[in-house]
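Data first, discussion second: the structure below is written as structure tokens.
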Amino acid sequence: FHKIMNRLYNRGKSMKQIQINAYAKINLSIDVLRGRDDGYHDVAMVLQKIDLHDAVTVSCCEDPSEGAIELSANIQTVPMGQDNIAWKASGLMKQLFPHKSRETIRIHIEKRIPMAAGLAGGSADAAAVLHALNALWQCNLSVAELMEIGVKLGADVPFCIMGQAVKNAVLNFDKGSISTCAFAEGIGEKLTPLPPLKAFAVLFTPPVFVSTAEIYKSLDLNKVRTRPDTHSLILGLREQDFEKIKASMYNVLEEVSVEKYPVIGENRAWLQSISSPAKTMMSGSGPTLFALTQDKNLANAIFKKIQEDEGKKEGNAFLTETSY
Ligand code: ATP
68 FHKIMNRLYN RGKSMKQIQI NAYAKINLSI DVLRGRDDGY HDVAMVLQKI
118 DLHDAVTVSC CEDPSEGAIE LSANIQTVPM GQDNIAWKAS GLMKQLFPHK
168 SRETIRIHIE KRIPMAAGLA GGSADAAAVL HALNALWQCN LSVAELMEIG
218 VKLGADVPFC IMGQAVKNAV LNFDKGSIST CAFAEGIGEK LTPLPPLKAF
268 AVLFTPPVFV STAEIYKSLD LNKVRTRPDT HSLILGLREQ DFEKIKASMY
318 NVLEEVSVEK YPVIGENRAW LQSISSPAKT MMSGSGPTLF ALTQDKNLAN
368 AIFKKIQEDE GKKEGNAFLT ETSY
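Counted the way the working numbering counts, the sequence shown spans residues 68 to 391.
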């Protein structure tokens, strides 16, 4: 009994904990340029963080123990073991900082971002764990260094690292050269920060599972007729010209996802019909659709209409804002 009490006491003394908000993203554009030998595609896309977020709490014990990684979440559909990308993120940090590898790491994910939805929820959780351990272990890694580690976990992780560095004051990063909006090239990891868009976003996630890999496989680049005007979109963000931004936005994956899952197309048409003049688009490889407007009353009205229509339309709706 004494031993246990002592251990608990010591644990209490040496346990450190931090909570990071792990923000979702939407795509203001996706253009796919070419397939690569490694199976990935070279893309050109504009990414924007939104305020919808998971809350990721990470704690670790300084007194050396068996070095376990313990994961918990508020909902059961979140993968609980090594399949969880947040688990992988802590495993990677243990490899990079072997002198910490015997500490027990506890991760709790308060999941609010719909999963497999095109909102990079998993990537955001992984980024949060990298930030958290960097802070708890006092590794002093810069945002750029964390992004280099993050890309090993997934193409969207570096952008999540950058966005979280802006929005989580507890991390204490200099905001000078980072942003919640970026132009992404390569597989999505080469980032050029852009001035963020200030807008309201109404999200609607139809209840269909979309595999990103499958959508990319089905994409025939010879058949792509419409592409985003990336140059004009970037200019629009620099000038904060919302009309220019709206006119330049496009997601080349949308046609593929709609063809494979007609329910996405039906929901898109419906969302558009109740959202005018807001801009409607699909995020990532779907199925999440969003309506974007700078008019708060319009955003409220769209969200209300979705809730009124909810009996007819199955899915999850969120009223949120872009992060800036
Ligand atoms: P992306 O836009 O990067 O493709 P997404 O938002 O479409 O991501 P995620 O929410 O990241 O998709 O989930 C994709 C899959 O990853 C899920 O089916 C889930 O089983 C698995 N996964 C692993 N870890 C997590 C996590 N922490 N949160 C959510 N999903 C996770």
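Using N, Cα and C, we set each Cβ at its ideal position, and we do this for glycine too.
Where the beta strand (DSSP E) through residue i begins and ends
i              : result
asparagine 383 : 383-388
leucine 356    : 356-360
arginine 292   : Looking at the DSSP string, arginine 292 is not in any beta strand (DSSP E), and its letter there is neither H nor E.
arginine 173   : 172-177
glutamate 252  : 248-252
Contact belief for residue i with residue j at Cβ below 8 Å, rounded distance in angstroms
i              : j                 : result
glutamate 170  : cysteine 206      : At roughly 13 Å, the Cβ-Cβ gap does not stay under 8 Å, so glutamate 170 and cysteine 206 are not in contact.
isoleucine 87  : alanine 199       : 5 Å
tyrosine 391   : proline 263       : 4 Å
proline 225    : glutamate 252     : With a Cβ gap of about 12 Å, proline 225 and glutamate 252 do not count as contacting.
valine 275     : phenylalanine 240 : Not really, about 37 Å apart at Cβ, beyond 8 Å.
lysine 155     : leucine 114       : In fact, because the Cβ distance is near 21 Å, the residues do not count as touching under 8 Å.
leucine 386    : valine 269        : 6 Å
glutamine 217  : leucine 197       : Correcting the residue type first, residue 217 is glycine in the shown sequence and not glutamine. Between leucine 197 and glycine 217 the Cβ distance is about 6 Å, and since that is below 8 Å, they are a contact.
valine 145     : isoleucine 85     : With a Cβ gap of about 20 Å, valine 145 and isoleucine 85 do not count as contacting.
isoleucine 174 : serine 157        : 7 Å
isoleucine 393 : alanine 194       : The chain is shown from 68 up to 391; residue 393 falls before or after that span and cannot be answered.
Top-ranked residue by Cα proximity to residue i, from the options
i              : options                        : result
glutamate 94   : Phe385, Tyr107, Thr355         : It should be noted that the sequence gives asparagine, not glutamate, for residue 94. Taking only the C-alpha atoms, the option nearest asparagine 94 is Thr355.
lysine 178     : Asn364, Ala153, Lys234         : Ala153
alanine 384    : Asn334, Pro146, Met229, Asp287 : Asn334
glutamate 212  : Ile331, Met160, Gln339         : Met160
alanine 222    : Leu300, Asp150, Ala111, Gln307 : Ala111
proline 181    : Tyr90, Gln84, Lys327           : Tyr90
isoleucine 282 : Ala193, Leu304, Glu322, Gly332 : Glu322
histidine 166  : Met147, Gly134, Gly148, Leu138 : Gly134
threonine 389  : Gly382, Val237, Lys380, Ala366 : Ala366
glutamine 374  : Ala193, Ile341, Lys363, Glu306 : Ile341
leucine 186    : Phe271, Gln84, Asp376          : Phe271
isoleucine 254 : Asp150, Arg103, Ile312, Lys372 : Arg103
aspartate 376  : Arg292, Trp337, Glu129, Ser324 : Trp337
leucine 286    : Ser168, Gln149, Lys327         : Lys327
leucine 304    : Gln149, Val325, Tyr107, Ser246 : Ser246
asparagine 289 : Leu100, Lys83, Ser96           : Leu100
histidine 108  : Val237, Gln162, Leu302, Ala280 : Ala280
First and last residue of the uninterrupted alpha helix (DSSP H) at residue i
i             : result
glutamate 256 : No alpha helix (DSSP H) holds glutamate 256; DSSP gives it neither H nor E.
aspartate 192 : 188-203
lysine 116    : Looking at the DSSP string, lysine 116 is not in any alpha helix (DSSP H); the run it does join, the beta strand (DSSP E), is 108-128.
glutamate 306 : 297-306
threonine 279 : 279-285
leucine 338   : 329-342
lysine 234    : 224-234
CB contact check: residue i to chain B, cutoff 8 Å
i         : result
lysine 83 : Checking the listed chains, one finds no chain B in this structure; it contains a single protein chain.
Indicate whether the contact test is met: 3 or more Cβ pairs, each with one atom in the segment 351-361 and one in the segment 310-322, closer than 8 Å. Contact holds: three or more Cβ-Cβ distances are below 8 Å.
Counting beta carbon pairs with one atom in the segment 343-353 and one in the segment 293-308, are three or more of them shorter than 8 Å? Segments in contact, no.
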